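Engineer: Following this message is one structure expressed as structure tokens.
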Amino acid sequence: MQNIEELKFALLLATLAMLIMAFFVITFVMLYQKRKFEAEKALNSIEKSHSKRLLDTALNSEETERRRIAQDLHDDIGTMLSLTKLSLNQLNKIVLEPDSKERSLIHKSQTLVEETILHVRRITRDLVPTTLERFGLSEAISEFINKLEDNNQLQITFHSTADDSMRQQPKVELTIYRIMQELVNNAIKHSKCSNIEIELEINSEFIFLKVADNGIGFNATQLKEDNLVGLGLLGIESRLAIINGIVRYVSPPAGGSLAIAQIPVAPISEKKPEPLYPFKRAKIS
Amino acid sequence: MFDNYIGLCTRHPLQCLPVFITILPIIILLKRKAYISKPYLILLIFLIFKLAIDLIMFHLAAHRTNNLLFYNISIPVSYTLLAGMFIYKLDSPIFKKLVALSIVLFALFSIWDMMRVNPDMNDSHNHSMVPYASTIQCILMILWILLYFYEIMVSMKIPNLFNSTFFWICCGFLLYYSSFVFIAPVLHYTEKWTNPLSIGFAANISYIFEIFYLLAISVGLFNFEKQHYAKY
Numbered sequence: 001m002q003n004i005e006e007l008k009f010a011l012l013l014a015t016l017a018m019l020i021m022a023f024f025v026i027t028f029v030m031l032y033q034k035r036k037f038e039a040e041k042a043l044n045s046i047e048k049s050h051s052k053r054l055l056d057t058a059l060n061s062e063e064t065e066r067r068r069i070a071q072d073l074h075d076d077i078g079t080m081l082s083l084t085k086l087s088l089n090q091l092n093k094i095v096l097e098p099d100s101k102e103r104s105l106i107h108k109s110q111t112l113v114e115e116t117i118l119h120v121r122r123i124t125r126d127l128v129p130t131t132l133e134r135f136g137l138s139e140a141i142s143e144f145i146n147k148l149e150d151n152n153q154l155q156i157t158f159h160s161t162a163d164d165s166m167r168q169q170p171k172v173e174l175t176i177y178r179i180m181q182e183l184v185n186n187a188i189k190h191s192k193c194s195n196i197e198i199e200l201e202i203n204s205e206f207i208f209l210k211v212a213d214n215g216i217g218f219n220a221t222q223l224k225e226d227n228l229v230g231l232g233l234l235g236i237e238s239r240l241a242i243i244n245g246i247v248r249y250v251s252p253p254a255g256g257s258l259a260i261a262q263i264p265v266a267p268i269s270e271k272k273p274e275p276l277y278p279f280k281r282a283k284i285s
Numbered sequence: 001m002f003d004n005y006i007g008l009c010t011r012h013p014l015q016c017l018p019v020f021i022t023i024l025p026i027i028i029l030l031k032r033k034a035y036i037s038k039p040y041l042i043l044l045i046f047l048i049f050k051l052a053i054d055l056i057m058f059h060l061a062a063h064r065t066n067n068l069l070f071y072n073i074s075i076p077v078s079y080t081l082l083a084g085m086f087i088y089k090l091d092s093p094i095f096k097k098l099v100a101l102s103i104v105l106f107a108l109f110s111i112w113d114m115m116r117v118n119p120d121m122n123d124s125h126n127h128s129m130v131p132y133a134s135t136i137q138c139i140l141m142i143l144w145i146l147l148y149f150y151e152i153m154v155s156m157k158i159p160n161l162f163n164s165t166f167f168w169i170c171c172g173f174l175l176y177y178s179s180f181v182f183i184a185p186v187l188h189y190t191e192k193w194t195n196p197l198s199i200g201f202a203a204n205i206s207y208i209f210e211i212f213y214l215l216a217i218s219v220g221l222f223n224f225e226k227q228h229y230a231k232y
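Written out as structure tokens, the structure is:
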């Protein structure tokens with residue numbers, strides 16, 4: 001009888017020990033998994049912030065380089081061209097015969113130099129959008145559209161609710177401007193559209209930039225899956241990642257394509273912003 | 001006629017409860033359409049088979065007839081089905097082969113064990129439980145579950161274990177087989193039709209954990225999402 005009682009006790013004890021072990025195993029698996037995922041998440045976040053910083057540096061370098069080229073064009077080439085124009089004007093005065101071959105050649109050279117000066121000025125402005133720094137996004141986008149409409153048969157409309165809003169940080173404004181440029185250029189190059197609509201909307205939380213066209217449209221998801229995304233679209237996503245923005249591509253039922261960039265608002269701080277003015281040499285740290 | 005069944009339920013409620021709780025995971029499995037995934041289709045077959053065997057044993061027990069033959073038959077079949085799920089769930093080809101090999105060897109072993117203990121199969125009255133097969137089944141099942149846990153820890157393929165159907169199923173079975181591994185061999189000596197020997201509360205532990213594993217399977221299946229079935 002005592003043996004049976006001992007057997008029952010031993011059986012209970014062994015079963016209990018086995019159950020405790022099973023509970024321990026389950027708890028261990030769950031805790032281990034949780035910790036490993038947390039560690040991986042932390043590592044991913046470090047990697048992400050590192051690549052974001054790298055990207056930010058790369059884009060800053062690009063902007064600095066643009067400014068440097070614009071500055072060199074203005075200071076060196078621009079000055080030289082102005083001097084050439086002056087010299088040609090003087091030469092024009094020296095040549096006495098009004099209908100001589102030399103005078104017509106000088107006149108032709110003067111026209112060429114003037115055109116070159118205009119081109120250099122346009123390139124400098126394209127490289128660094130001075131209007132953006134001085135008057136803000138709406139004005140810069142309007143100016144960009146005007147320039148495009150002069151050169152194309154396109155109809156471009158622009159609606160903005162940003163006029164009454166506070167100016168955003170220079171980096172945010174520049175990013176939005178560059179994204180708008182890229183989206184519009186993409187529409188012109190690839191969509192075969194005749195009409196482009198740009199909308200800029202700023203509310204208390206987000207800035208929305210919408211670029212729609214009536215062209216052939218495209219499937220962004222399919223492009224990503226097939227690894228056919230070009231540098232343009234990748235560049236947009238990279239630029240947005242730095243300012244915590246996102247972009248969505250929609251295929252409207254009426255056709256064409258619609259890109260919506262959403263960026264958190266970053267109103268300009270009290271501190272004086274870094275100038276984008278091209279004709280001051282930027283400090284390279 | 002129903003007096004026998006009601007009488008059995010009132011005399012042994014803990015033993016009868018798992019028979020009816022088996023219906024719960026079957027309903028959830030069918031409702032969530034988890035059978036589209038092969039491991040859960042096997043689980044459905046196992047649950048239906050278990051329900052059928054349990055109902056037969058319940059009926060025989062209610063009519064005071066020795067039902068241990070059905071228990072012995074259920075061991076190789078249930079192991080084949082449960083281990084079959086792990087063939088689909090384990091990633092390593094070596095482990096898969098091991099599980100498949102164990103199914104064949106265990107089926108042969110359990111038949112041998114049953115025949116050895118009960119040489120006269122027609123004498124159902126004195127039929128007794130297998131001494132080794134159920135213990136080995138417990139050990140093998142614990143082993144496959146631990147291997148599965150090892151794989152999910154190494155591969156990190158499941159971000160949230162609470163949402164994983166198969167993790168819940170494994171937890172239920174791990175606790176059930178852990179509770180049963182030491183009791184199983186003892187039952188051969190205690191569960192006799194004539195002169196049974198009581199081992200007290202220890203005999204009830206496996207029934208408690210049988211209910212637990214059925215509930216764990218139900219919770220796991222409730223988390224099953226059709227669109228994610230290939231993931232976990």
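Sequence lines, in order, name chains Y and H.
62 is the number that this note's numbering gives to position 62 of the first sequence; each next residue is one higher, with no gaps.
175 is the number that this note's numbering gives to position 175 of the second sequence; each next residue is one higher, with no gaps.
Where is the CB? At the ideal position from N, CA and C, for every residue including glycine.
It should be emphasised that the depicted structure is a prediction, and the values quoted were computed from it without experimental measurement.
1) Select from CYS16(H), CYS9(H), GLY7(H), ASP3(H) the residue whose C-alpha is nearest the C-alpha of SER206(H).
2) How many angstroms separate the CA atom of SER194(Y) from the CA atom of ILE179(Y)?
3) Name the DSSP bridge partner or partners of ALA259(Y)?
4) Compute the Euclidean distance between the alpha carbons of ASN4(H) and ILE26(Y), then round it to the nearest angstrom.
5) With C-beta atoms as the reference, is TYR88(H) less than 8 angstroms away from PRO39(H)?
6) Here's the rule I'm using: 16 or more other beta-carbon atoms within 10 Å means buried, otherwise exposed. How should MET115(H) be labelled?
7) Compare the C-beta of THR15(Y) against all C-beta atoms of chain H and say whether one is closer than 8 angstroms.
8) Closest to LEU132(Y) by CA distance: which of ARG167(Y), PRO98(Y), GLN153(Y), ILE156(Y) is it?
9) Applying a beta-carbon distance threshold of less than 8 angstroms, which residues of chain H neighbour ILE25(Y)?
10) So which residues of chain H does LEU174(Y) contact, with C-beta pairs closer than 8 angstroms?
11) Following the continuous alpha helix (DSSP H) through THR10(H), name the residue where it begins and the one where it ends.
12) Determine the DSSP secondary structure at SER160(Y), reduced to helix, strand or coil.
13) DSSP three-state call for PHE173(H): helix, strand or coil?
14) Pick out whichever of SER191(Y), THR221(Y), ASN244(Y) has its Cα sitting closest to the Cα of GLU205(Y).
15) PHE201(H) versus chain Y: which residues are under 9 angstroms apart at the beta carbon?
16) What does ALA22(Y) reach in chain H if we use C-beta pairs closer than 7 angstroms?
17) Using 8 angstroms as the threshold, is the C-beta distance between ALA241(Y) and LEU54(Y) below it?
18) According to DSSP, is PHE201(H) helix, strand or coil?
19) Examine chain H for any beta-carbon lying closer than 8 angstroms to the beta-carbon of VAL247(Y), and answer yes or no.
20) At the level of alpha carbons, what is the spacing between PHE20(H) and LEU51(H)?
21) VAL186(H) touches chain Y at which residues, Cβ-Cβ below 8 angstroms?
22) Quickly, what does DSSP pair ILE196(Y) with across the bridge? List them, please.
23) For SER74(H), report the span of its alpha helix (DSSP H) as first-last.
24) So ASP126(Y) is in the alpha helix (DSSP H); what residue range does that whole segment cover?
25) Looking at chain H, is there any beta carbon in it that lies within less than 8 angstroms of the beta carbon of ASN3(Y)?
26) Apply the 10 Å Cβ neighbour rule to ASN223(H) and answer buried if 16 or more other Cβ atoms are within range, or exposed otherwise.
27) Mind pulling the chain H residues with CB within less than 9 angstroms of MET37(Y)?
28) Is any beta-carbon of chain H found at less than 8 angstroms from that of TYR32(Y)?
29) What's the gap between the Cα of LYS231(H) and the Cα of LYS157(H)?
30) When you compare each of PHE49(H), LYS31(H), LEU24(H), PRO93(H) to TYR213(H) by their alpha carbons, which one comes out closest?
31) With DSSP run on the structure shown, which of helix, strand or coil describes PRO264(Y)?
32) Taking 7 angstroms as the line, does the beta carbon of ASN92(Y) fall inside it for any heavy atom of the ligand MG?
33) Report the neighbours of CYS171(H) on chain Y: residues whose CB is nearer than 7 angstroms to its CB, in chain order.
34) Hey, ILE198(Y) and ILE263(Y) are a contact pair by Cβ (cut 8 angstroms); roughly how many whole angstroms apart?
35) Does any CB atom of chain Y fall closer than 8 angstroms to the CB of MET153(H)?
36) Are TYR132(H) and ASP113(H) close, meaning C-beta to C-beta below 8 angstroms?
Structural biologist: With the given structure in hand:
1) Closest option to SER206(H), Cα to Cα, is CYS16(H).
2) One C-alpha to the other measures close to 20 angstroms.
3) Secondary-structure assignment with DSSP links ALA259(Y) through a beta bridge to VAL211(Y), TYR249(Y).
4) One C-alpha to the other measures close to 41 angstroms.
5) With respect to the 8 angstroms criterion, TYR88(H) and PRO39(H) are classified as neighbours on the basis of their beta carbons.
6) Exposed, because fewer than 16 other Cβ atoms sit within 10 Å of the Cβ of MET115(H).
7) Interface residue (Cβ-Cβ distance to chain H less than 8 angstroms): THR15(Y) is classified as such.
8) Checking every option, the nearest Cα to that of LEU132(Y) belongs to ARG167(Y).
9) Looking at the sequence provided, one finds Val at residue 25(Y) rather than Ile. Scanning chain H for C-beta atoms nearer than 8 angstroms to the C-beta of VAL25(Y) yields LEU146, PHE149, LEU174, reported in chain order.
10) Per Cβ cutoff of 8 angstroms: no residues; LEU174(Y) is ~38 angstroms from chain H at best.
11) 2-11 is the span of the alpha helix (DSSP H), which, as asked, contains THR10(H).
12) Strand.
13) Reduced to three states, the DSSP call for PHE173(H) is helix.
14) Here the closest residue by C-alpha is ASN244(Y).
15) Near PHE201(H) (Cβ distances below 9 angstroms), the residues of chain Y are LYS8, LEU12.
16) The contacting residues are LEU174, LEU175, SER178.
17) Contact: no.
18) In the structure shown, PHE201(H) sits in coil (DSSP, three-state: anything other than H, G, I, E or B).
19) Not an interface residue.
20) Going from the Cα of PHE20(H) to the Cα of LEU51(H) covers about 8 angstroms.
21) Within 8 angstroms Cβ-Cβ: LEU7, LEU11.
22) Answer is ILE156(Y), ASP213(Y), bridged to ILE196(Y).
23) From DSSP, the alpha helix (DSSP H) with SER74(H) extends over 68-89.
24) Unbroken alpha helix (DSSP H) run through ASP126(Y): 101-127.
25) No, because no Cβ of chain H sits closer than 8 angstroms to the Cβ of ASN3(Y).
26) Burial check for ASN223(H): the Cβ neighbour count within 10 Å reaches 16 or more, so the residue is buried.
27) According to the sequence shown, residue 37(Y) is Phe rather than Met. Going along chain H in sequence order, the residues near PHE37(Y) (Cβ under 9 angstroms) are MET156, PRO159, ASN160.
28) Interface annotation, TYR32(Y): in contact with chain H, CB-CB separation under 8 angstroms.
29) Low confidence applies to LYS231(H): its pLDDT is 49, below 50, so where it sits in the model is not reliable enough to give any reading.
30) With distances taken between Cα atoms, TYR213(H) lies closest to LEU24(H).
31) Looking at PRO264(Y) - three-state DSSP - the assignment turns out to be strand.
32) The ligand MG is absent from the structure shown, which contains no ligands of any kind.
33) Neighbours of CYS171(H) on chain Y, chain order: ILE26.
34) That belief does not hold up - the Cβ atoms of ILE198(Y) and ILE263(Y) are roughly 15 angstroms apart, past 8 angstroms.
35) Closer than 8 angstroms to some Cβ of chain Y, the Cβ of MET153(H) qualifies, so yes.
36) Result yes, Cβ atoms of TYR132(H) and ASP113(H) sit closer than 8 angstroms.
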